[in-house]
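To convert, count from 1 in the sequence shown and add 155; that's our numbering.
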Amino acid sequence: MRKLPIIVVVGSAAASLVWADSATINPDKDNTLIQTTTGSLSNALGDIFIGRTAQADASSRRRGVIHFNVAAAIPSGSTITAVTLRLYLNMTGDNTVRSASVYRSTASWGEGTSYVNGGVGSASTTNDATWIHRFWNTSSWTTSGGDRAATASASANTGSAGAVNQYYTWSSATLVSDVQGWLDTPSSNLGWHIVGDESTASTARRFTSREATDDAGDHFPELVITYTPPGPRAPGAEPAAAPQSITTEVDGMRVLGERDLDGDGTPDLLLRDRNGALLGGHRTAKGLETWTLPLDHASDDPLAIP
Numbered sequence: 156m157r158k159l160p161i162i163v164v165v166g167s168a169a170a171s172l173v174w175a176d177s178a179t180i181n182p183d184k185d186n187t188l189i190q191t192t193t194g195s196l197s198n199a200l201g202d203i204f205i206g207r208t209a210q211a212d213a214s215s216r217r218r219g220v221i222h223f224n225v226a227a228a229i230p231s232g233s234t235i236t237a238v239t240l241r242l243y244l245n246m247t248g249d250n251t252v253r254s255a256s257v258y259r260s261t262a263s264w265g266e267g268t269s270y271v272n273g274g275v276g277s278a279s280t281t282n283d284a285t286w287i288h289r290f291w292n293t294s295s296w297t298t299s300g301g302d303r304a305a306t307a308s309a310s311a312n313t314g315s316a317g318a319v320n321q322y323y324t325w326s327s328a329t330l331v332s333d334v335q336g337w338l339d340t341p342s343s344n345l346g347w348h349i350v351g352d353e354s355t356a357s358t359a360r361r362f363t364s365r366e367a368t369d370d371a372g373d374h375f376p377e378l379v380i381t382y383t384p385p386g387p388r389a390p391g392a393e394p395a396a397a398p399q400s401i402t403t404e405v406d407g408m409r410v411l412g413e414r415d416l417d418g419d420g421t422p423d424l425l426l427r428d429r430n431g432a433l434l435g436g437h438r439t440a441k442g443l444e445t446w447t448l449p450l451d452h453a454s455d456d457p458l459a460i461p
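Next comes the structure, spelled out in structure tokens:
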């Protein structure tokens, strides 16, 4: 939590001190929509891909979706004053700087357990967001490729092949409006779509996701929110700490979330161990019981980058 003092002068009188609070939160779900005619492919637990791969035109588009639980991190009634989305770029499909835009989603969507270490995608699983589905395979987008606002909330240029392994940022007044609306009406928070340059092949960009293991630095997506809490505050008083979106650990393993992984109707833990392996787990009277998830770890990547 950072506390940023802002001096406000009223007329010619002495200044009064007002505190602006800042919270940095990680997403609670993200996914990659992989272009197919059936919605058979997704990549819920892998990195976020946008733009176009080197595949044929009809199957080359990738779009990201991402969601942050704003209402859980920012006090109700606060005024949002600044928003920055930070995504860590770790691979590019070409050597040209490409624009990427963030659009407010107009429909809800899910994150299943599909996984592949690359942009090719793997078989969609229950509740995955796909090119066709909001939730595989029960609810569909109105428009293939995702339902989103007509106008981008923010755009930014992303680097060439020589400008990777760094964060890129998106900031705008519209992003502030999006987040303020989600705080005021949490049910309206449907997240954002991230859309890259789809004008030609091999424009793909790969960003570290919230579950990524191929990034040793754990450069997860971040939403940095600056806000003024509600109500008056005495001069010099410290602002109350807002709840943070934090990563927890169990037996030295990172907890990514809870979901029913074995189909028994009971939520299980989704874990990453010290070696980056993806595991399922649940607590028993004798401790934590884990198992390796049977996910597709295909090595081929249509980006065709060393």
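Every residue gets a Cβ at the ideal spot worked out from N, C-alpha and C, and that includes glycine.
Being a predicted model, the structure only gives us computed values, none of them experimental.
Per-residue burial, residue i [other beta carbons within 10 Å of its own, 16 or more giving buried]
i	result
E444	exposed
E404	exposed
T447	exposed
G407	exposed
A367	buried
D333	buried
S354	exposed
Q321	exposed
P422	exposed
V225	buried
R217	buried
T293	exposed
P182	buried
S310	exposed
D283	buried
L338	buried
R207	buried
D373	exposed
G386	exposed
G351	buried
Beta strand (DSSP E) segment containing residue i, residue limits
i	result
G436	L433 to T439
Y382	E377 to T383
G412	M408 to R414
G232	Counting along the chain, G232 falls outside any beta strand (DSSP E), and DSSP gives it neither H nor E.
T421	Where T421 is concerned, there is no enclosing beta strand (DSSP E), given that its DSSP letter is neither H nor E.
W296	Element bounds for W296: n/a, residue is neither H nor E.
L188	K184 to I189
W347	W347 to V350
R360	R360 to F362
Extent of the continuous alpha helix (DSSP H) run through residue i
i	result
T329	A328 to D339
A318	Counting along the chain, A318 falls outside any alpha helix (DSSP H), and DSSP gives it neither H nor E.
Beta-carbon proximity check, residue i vs residue j, cutoff 8 angstroms
i	j	result
Y382	S233	yes
I221	D185	yes
S260	G346	yes
A359	G301	no
T239	A175	no
L426	L416	no
N198	F362	no
Q190	W296	no
W291	G267	yes
S326	D202	no
S329	R241	A quick correction: the sequence has Thr, not Ser, at residue 329. Cβ atoms of T329 and R241: not closer than 8 angstroms.
R289	G265	yes
S277	L196	yes
A318	D249	no
A307	Y243	no
T179	E377	yes
For residue i, three-class secondary structure by DSSP
i	result
V225	helix
A213	helix
S342	helix
I287	coil
A304	coil
A237	strand
L448	coil
A178	strand
V275	coil
A255	strand
G219	strand
V373	The residue you asked about is not Val; residue 373 is Asp in the sequence shown. D373 falls in the coil class under three-state DSSP.
W325	strand
R207	strand
Distance between beta carbons of residue j and residue i, contact taken as under 8 angstroms
i	j	result
A356	S215	6 angstroms
G200	S269	For the sequence presented, residue 200 should be read as Leu rather than Gly. Right, their Cβ atoms sit about 7 angstroms apart.
V252	N344	Actually they are not in contact, since the Cβ atoms of V252 and N344 sit about 31 angstroms apart, beyond 8 angstroms.
F204	G219	7 angstroms
S177	V379	7 angstroms
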